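>
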Amino acid sequence: MCDTIFQRSYRKIHAMKNNLNSKPSNDYHEKASLYSHHQIEGTLKIAYKALETLLTKYKIIGEKTLDFGCGSGRSTRYLKNKVVCVEGADINQDMLALAHESDPFARYNKIENNHISARNAQFDFVFSSLVLFELSSLFEMQAVFKEIHRVMQFNGFFISIVVAEDFYQHDWVSIATDFPENKNPKSGDKVRIKIKEINLELNDYYWTREDYQKAAQMAGLSLIESVMPKADKQDGVFWLSEVDFSPYLVLVMKKTMALKAINEVASDRNMAQIPELGYLREVERSSVIISRAVLGNQYSGDRCEFSELELLMGKGNKSKFHKLISSEKFKFIEGKDLVLHVIEATTGEYQRVLLGEEEERAVKEFTVPTNSWIAEEFIAQEGYALVSARTSPGFHPDDTREATKEELIKKVGDQKEALDVIERIYAEAEVVSSAVQCVSPS
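Okay, structure coming up:
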């Protein structure tokens, strides 16, 4: 007898684990007040002069502007005199409190897990200043770019100020860089700076222009220009390295492309292709083991405390109804909405859940009631849906069972919507299954 698709999937992806956790480079909780007093002067002013030139060159009026990573609001307040309308967003509540204090009439939002509280295609201009080198991995950078891509209008502009690749090899009027970790850094290495005016040391991550461009392209953003401005000797400032070397790299990008094709996304994330279902990979598995004696006889053996899978589905992908002994929590990551068909274990009540953010009734998280039947289905005609599924106790192939069409029909009774879904999913699954042999466990 063939394993269920989830049993086959589990064995196929078990060797493809990849821990994606990353940590922020700076804890601003105690530094927010100090940092808020750092103005757009000295070395930093060089980058902002270049920004003004670029706004004029590309005729960016910013009818709806987002200052991504606004911190204490200094860049947001600056932009208020350059664009039509601007609002700020940042991950740090202390910084946002200072921003509100400085400008109580401006709008500031908190960024949660790289998610901006904004509609799709809401902004025609997105700006970020000294933000991207706070990201500790290219994966995290790509996630930020994808969120910026989501909230940008088609052909909208994104301008980002980052430091030049040789920034850490020179001394600047406003910034000191003479630290051991700054010698010959490579992509992803930690580096350190000190803001001289306020004697504040900060940790950053070293990234190249190529790194930024690659992550942006993977998110659907095109780099159309990069500027490396230098200081003018006639500025009346006693510059250090600023006249001979550019401290900053100003990136100009446009939203001109759709997100990547599903097979490219799967390749980037090292996911295994599963017939009918789409792509899967296990991203986390707890090292804590719970004994069967504690779990109960419904489990065939000991289990880890929890595990998490990522599921990537595209056009035509769906699963038959199945159920797990463990609790299962779905979380939307990106892409189109995904449909979860749920049949409650005891009553047989059918529920259609939209997991995503495209429609108003969609939810970003959903916990499947224990022992309920569930089938995932991608209904859009293009694009993909990327979601995670966390099970507790952790997933094991012995803990899942696929439903037969007959038992589901008996369970749902006369619920027409449920009957239609069951008939369609099992009819289409039979066509696919006739051409697909069972995959032997590896």
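Numbering (my numbering), first residue to last: 63 to 504. Built from N, CA and C at the ideal position, the CB exists for glycine as well. Here the structure is a predicted model, which means the values were calculated and not measured.
Give a yes or no on contact between the segment 392-410 and the segment 436-448, applying the rule of three or more CB pairs nearer than 8 Å.
Yes, the segment 392-410 is in contact with the segment 436-448.
> Where DSSP assigns a beta bridge to residue 346, which residues make up the other side?
Answer is 370, bridged to residue 346.
> For the ligand HEM, is there a heavy atom less than 7 Å away from the beta-carbon of residue 301?
This structure lacks the ligand HEM; in fact it carries no ligand of any kind.
> To the nearest angstrom, how far is the alpha carbon of residue 190 from that of residue 339?
38 Å
> Report the three-state DSSP secondary structure of residue 229 (helix, strand or coil).
helix
> Could you tell me whether the segment 230-239 touches the segment 297-312, using the rule of 3 or more Cβ pairs below 8 Å?
yes
> Could you check which residue in 152, 478, 124 and 172 has the C-alpha nearest to that of residue 220?
124
> Can you check whether the CB of residue 253 is closer than 8 Å to the CB of residue 267?
yes
> Just to confirm my understanding: we take residue 378, look at its own chain, exclude 5 residues before and 5 after, and list those with CB closer than 8 Å. What are they?
Excluding sequence neighbours, residue 378 sits near 440.
> Near residue 292, which residues of its chain fall below 8 Å by C-beta distance, leaving aside the five closest residues on each side in sequence?
108, 304, 305, 306, 307 and 308
> Contact between the segment 140-155 and the segment 166-178 is defined here as three or more beta-carbon pairs at a separation below 8 Å; is this criterion met?
yes
> Are there 16 or more other CB atoms within 10 angstroms of the CB of residue 204, so buried, or fewer, so exposed?
buried
> Beta-carbon within less than 7 Å of residue 225's beta-carbon, same chain only, minus the 5 sequence neighbours each way: which residues are those?
Excluding sequence neighbours, residue 225 sits near 195, 309, 310 and 311.
> Can you give me the Cβ contacts of residue 83 inside the same chain, cut-off strictly under 6 Å, excluding the 5 residues immediately before and after it?
The pLDDT assigned to residue 83 is 35, lower than 50, so where the model puts this residue is not dependable, and the model offers no usable value.
> How long is the line joining the alpha carbons of residue 214 and residue 186, rounded to whole angstroms?
6 Å
> Under 8 Å, with one C-beta from each stretch per pair, do the segment 372-391 and the segment 334-348 reach the 3-pair mark?
yes
> Residues bridged to residue 351 by DSSP?
366
> So within the segment 359-442, which uninterrupted beta strand (DSSP E) runs reach at least 3 residues, ignoring any that extend past its ends?
369-376, 384-386, 389-397, 400-405, 412-417, 427-430 and 435-439
> By Cβ distance, which residues of its chain are closer than 8 Å to residue 442, with the 5 residues on each side in sequence left out?
Within the same chain, residue 442 has close Cβ partners 377, 398 and 399.
> Could you tell me the alpha carbon to alpha carbon distance between residue 163 and residue 115, rounded to whole angstroms?
30 Å
> Suppose you measure from the CA of residue 386 to the CA of residue 432; what does that come to, to the nearest Å?
7 Å
> Among the candidates 483, 334 and 313, whose CA atom is the shortest distance from the CA of residue 110?
313
> Which term fits residue 129, buried or exposed, when burial requires 16 or more other beta carbons within 10 angstroms of its beta carbon?
buried
> Taking residue 212 as the reference, which of 198, 177, 240 and 243 has the closest Cα?
Cα-wise, what sits closest to residue 212 is 177.
> Are the beta-carbon atoms belonging to residue 392 and residue 427 less than 8 Å from one another?
yes
> Where does the unbroken alpha helix (DSSP H) through residue 330 begin, and where does it stop?
324-330
> Going by DSSP in three states, residue 274 sits in which element: helix, strand or coil?
helix
> DSSP on residue 167, reduced to helix/strand/coil?
coil
> Between 411, 184 and 223, which has its C-alpha nearest residue 192's C-alpha?
223
> Would you report the Cα separation of residue 365 and residue 461, rounded to the nearest angstrom?
10 Å
> Using the Cβ count rule (16 or more neighbours within 10 Å means buried), how would you classify residue 475?
exposed
> I'd like the span of the beta strand (DSSP E) that includes residue 120, first residue to last.
Looking at the DSSP string, residue 120 is not in any beta strand (DSSP E), and its letter there is neither H nor E.
> Which partner residues does residue 452 have in the DSSP bridge list?
Beta-bridge pairing links residue 452 to 370 and 391.
> Give a yes or no on whether the C-beta atoms belonging to residue 317 and residue 217 are separated by under 8 Å.
yes
> Return the bridge partner residues of residue 148 from the DSSP annotation.
127
> Can you have a look at residue 242 and say buried or exposed, based on whether 16 or more other CB atoms are within 10 angstroms of its CB?
exposed
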